[in-house]
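Colleague: Chains as they are written, first to last, in this note's numbering: chain A, 1 to 457; chain B, 1001 to 1457. No residue lacks a Cβ here, since even glycine has one placed at the ideal position from N, Cα and C. Sharing a structure here in structure tokens format.
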């Protein structure tokens, strides 16, 4: 229903500019990559913007315009919005700031914008936001660099933090399906967007960075329905008293006690993340199927990471699976004598791709195992690279194919980059830190409970 | 006293090889970079190794040999060690595995090695280790890539995990002063190495990855003394019951209850890290002076990160400083009306380098502030890069120069790389995540208590 924001047939950038110092320059430049429809620059003074014929008003555009991005100075926003309405625009992203966040007068003006929009049947994202992205359609309606393509829809109430997170994920090779900077949420809010994202194909999970929710009741109501279909992971700023006070001064609205939010999240099946990385780690897990239980098997080529991961699994309230005697015997039959064949299975440093394949296969086939975590640190034997280990895991998963989730922890910095890429390409989420892979396993188990997967424990 | 390991006058690589598949190939290749003395390859079959004249035995080497790296097959280790003793070698790093970690027979052989070494007045690091590095002397006596130069001495009981962490830090641009893979700790252990590192110039902090300590009493005794001089940060694997069981099967020795370790660390002033990143974040803080108290001021150009950091500060038991009226008034005099001038000080997105400079200066001069955390997310105004913000912070710190620690949180992935580099070059530790900068602030406060800095709270 809000699809015209993310797959519009035509886009107008109102305030598109030839001046590289203006946001309207970046927004139009970014949108030129869009393939799903025409992108029109609107500028009252220019004939051309970045080599493309410009229009004085959105109303002059000959073709269909589903989406308008407004980056004009504040005093022109209202008139621009009316013209959008007259043109028949459906979705408007107002990047321009200076409304609700500035005080009472700004709030009144913001309310007026919403009334105008609704009169014309339009919906607004913003104002005071960075914009929106849909990486699966090459849509970057923001003034920042586009995120890498992924499976997580990320909605951020802070534009700057949201942008910072996009830049962080680019560096770390993590992808988003959508990035939505909601700004002041004058019209569309978390609930509306979650409702839309619940039914999309490419968004496997919804991640929220929340500073304060106005309509808590509706949030809970919608989240309850959405989390039955798709995981929602929330990072809430302002949990502590001092943080909450800071949030209040930032957003202008009281952030509210964390206890209230916590209860609301629990009630509606929203998974709580405590840090940005936890939020991303959890959300990225959902390319995998949901587990039937909370019993985790760990395989590793070094003891230390296995132990650290076991610690984190324990901290999360998950269980280390008790392997069947048969599994243990078969592992013993081909692993070297120094290997540990109890969970965590330590195949030791000599383990090659073939060992990863055979071990992963046995662990996935063990009826006592619900989730598999495959760990690899720097193979210390010359001529070995983690790629063969990744290949072994992928081969085992494909062969066994019994619907158990597999998560990979590849802890060797730049040395494992290629291996991680290969795993991700095959839908297996990869992590670099024990606490992150444990958060991911935890999220899978919790979401299985949400959808009634009958998880024990 | 153990300086011959890290600044040796001459080094013999026994088992140096021309075969790129052998560890002895990598070790000799890496050591050729060493500038502090000659490096000699020893190989029974070759005339030359990697273009350098080779010796049949360490005893044939004409020059001084302080340090020997042994990478020969296990069966030759004992004889090689005797020859090292006869040559007058002082320190021996035994990379070769197959000793104490394999069982009772291996333990017996390992004990014999130690007896031989001590007979000749030699000390051993290892066996079954990755080797050692001293980045300040271009010494890389391992078979892995050398770490970046930094201020943290990192001792790891797991070779593979240690190597993984080195690769991780290379990717993340974090440096080490020394990396010491202690392996089985047949002779030198954590206590010995801490004792040595307590008095070095270039090591500002000591980070330990611990699986199990044999002589707990001596560890506590030494750590008590060392932590009065220099911070020691420990990450202990096997905190949970399942993790501990896994650790026991890995190291062959019982890991012992976490409660016991926790008490020992507390008693001896060792700071406890819960994750690898926490360990690194804490250790990297100590290029900064120790604070006089636990009152933190936060400055930021975006609300969200300020709130998240305030939350983490609170979680750590630190306090948000109550700024003096005078500070608040002066901030108000030049920051825009929408800025928040209470702690956290939100200078909003328009803040430029000059605002960072003036704000940092005022906060450092406020008598109610003990620690300053300066945050920067993506500057969203075209033409701005975080570098000017970093410059502003550096200028303020240099001018005020009143011994208060400053930590930087630059949250914009690759966009802030140059800014971070600049800060680090000026001795200001940089972080990318709120929880990491909070851990660093916490570590500074805790260490101030260790040395009796009279920290309140």
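#1: Using a C-beta to C-beta distance shorter than 7 angstroms, which residues of chain A count as neighbours of residue 1458/B?
#2: Return no unless some Cβ of chain A is closer than 7 angstroms to the Cβ of residue 1214/B.
#3: Using a Cβ-Cβ cutoff of 9 angstroms, what residues of the segment 1141-1168 of chain B are near chain A? List them in chain order.
#4: Counting only beta-carbon separations shorter than 7 angstroms, does residue 366/A have a partner in chain B?
#5: Considering only residues of the segment 1091-1149 of chain B, which uninterrupted beta strand (DSSP E) runs meet the minimum length of 3 residues and lie entirely inside it, listed in chain order?
#6: So with Cβ pairs under 7 angstroms, would you call residue 1421/B a contact of chain A?
#7: Compare the C-beta of residue 458/A with all C-beta atoms of chain B and state if any pair is closer than 7 angstroms.
#8: Whose Cβ in chain B lies nearer than 7 angstroms to the Cβ of residue 259/A?
#9: Residue 306/A CB to nearest chain B CB: under 7 angstroms?
#10: Look up residue 1374/B in the DSSP assignment and give the residues it is bridged to.
#11: Check for me: the beta strand (DSSP E) holding residue 41/A runs from which residue to which?
#12: Just to confirm, is the Cβ distance from residue 41/A to residue 58/A under 7 angstroms?
#13: Using CA atoms only, rank isn't needed, just tell me which of 1398/B, 1136/B, 1035/B and 1411/B is closest to residue 1428/B.
#14: In chain A, which residues lie less than 8 angstroms from residue 1110/B when you measure between Cβ atoms?
#15: Give the DSSP-derived three-state secondary structure of residue 437/A in the structure shown.
#16: Nearest CA to the CA of residue 452/A: which residue from 425/A, 230/A and 406/A?
#17: Quick one, which of 1402/B, 1166/B and 1297/B has its alpha-carbon nearest residue 1368/B's?
#18: Is there a C-beta anywhere in chain B that falls below 7 angstroms from the one on residue 362/A?
#19: Is it true that the CB of residue 264/A sits closer than 7 angstroms to the CB of residue 210/A?
#20: Given that a residue counts as buried once 16 or more other Cβ atoms are within 10 Å of its Cβ, and exposed if not, what is residue 260/A?
#21: So, with DSSP's three-state summary, where would you put residue 1252/B?
#22: Report the residue ranges of all beta strand (DSSP E) runs contained in full by the segment 149-215 of chain A; include only those spanning at least 3 residues, in chain order.
#23: Give the residues from the segment 1316-1331 of chain B that approach chain A closer than 9 angstroms (Cβ to any Cβ), ordered along the chain.
#24: What does DSSP give as the partner residues of residue 34/A in its beta bridges?
#25: Measuring CA to CA, which of 1134/B, 1062/B and 1091/B is closest to residue 1030/B?
#26: Have a look at the DSSP bridge pairing and note the partners of residue 1236/B.
#27: Please list the segments of the beta strand (DSSP E) lying wholly inside the segment 1277-1329 of chain B, counting only runs of 3 or more residues, in order along the chain.
#28: Look at the alpha carbon of residue 1233/B and the alpha carbon of residue 432/A, and state the distance between them as a whole number of angstroms.
#29: Please name the residue in 1346/B, 1389/B, 1342/B and 1083/B whose C-alpha comes closest to that of residue 1067/B.
#30: Measure the beta-carbon distance from residue 290/A to residue 444/A and round it to whole angstroms, keeping in mind my assumption that it falls under 8 angstroms.
#31: Give every residue of the same chain whose Cβ lies closer than 6 angstroms to the Cβ of residue 1355/B, excluding the five residues on either side of it in the sequence, and list them in chain order.
#32: If the criterion is Cβ atoms closer than 7 angstroms, does the pair residue 1184/B and residue 1100/B meet it?
#33: Can you name the start and end residues of the alpha helix (DSSP H) that residue 1390/B belongs to?
#34: Could you tell me if residue 1414/B is buried or exposed, where buried requires 16 or more neighbouring beta carbons within 10 angstroms of its beta carbon?
#35: For chain A, find out if any of its Cβ atoms is closer than 7 angstroms to the Cβ of residue 1413/B; answer yes or no.
#36: Considering only their Cβ atoms, is the gap separating residue 299/A from residue 359/A smaller than 7 angstroms?
Modeller: Checking against the coordinates, here is how it stands:
#1: No information on residue 1458/B is available, as it lies outside the stretch 1001 to 1457 that chain B covers here.
#2: no
#3: 1143, 1144, 1145, 1156, 1157, 1158, 1159, 1160, 1161, 1162, 1163, 1164, 1165, 1166, 1167 and 1168
#4: no
#5: 1091-1094, 1123-1125, 1131-1134 and 1139-1142
#6: no
#7: Summary: the structure shown does not reach residue 458/A, with chain A confined to residues 1 through 457, and so no result is reported for it.
#8: Ordered by position in chain B, no residue passes the 7 angstroms Cβ test against residue 259/A, which lies about 14 angstroms from the chain.
#9: yes
#10: 1299/B and 1408/B
#11: 38-42
#12: no
#13: 1398/B
#14: Per Cβ cutoff of 8 angstroms: no residues; residue 1110/B is ~15 angstroms from chain A at best.
#15: helix
#16: 230/A
#17: 1297/B
#18: no
#19: no
#20: exposed
#21: Residue placement at residue 1252/B is flagged as unreliable, the pLDDT there being 49, under the threshold of 50; a coordinate-derived value is accordingly withheld.
#22: 175-181 and 205-210
#23: 1319 and 1320
#24: Paired residue(s): none; residue 34/A is not in a bridge.
#25: 1134/B
#26: 1210/B
#27: 1295-1300
#28: 21 angstroms
#29: 1083/B
#30: 6 angstroms
#31: 1347
#32: yes
#33: 1386-1400
#34: exposed
#35: yes
#36: yes
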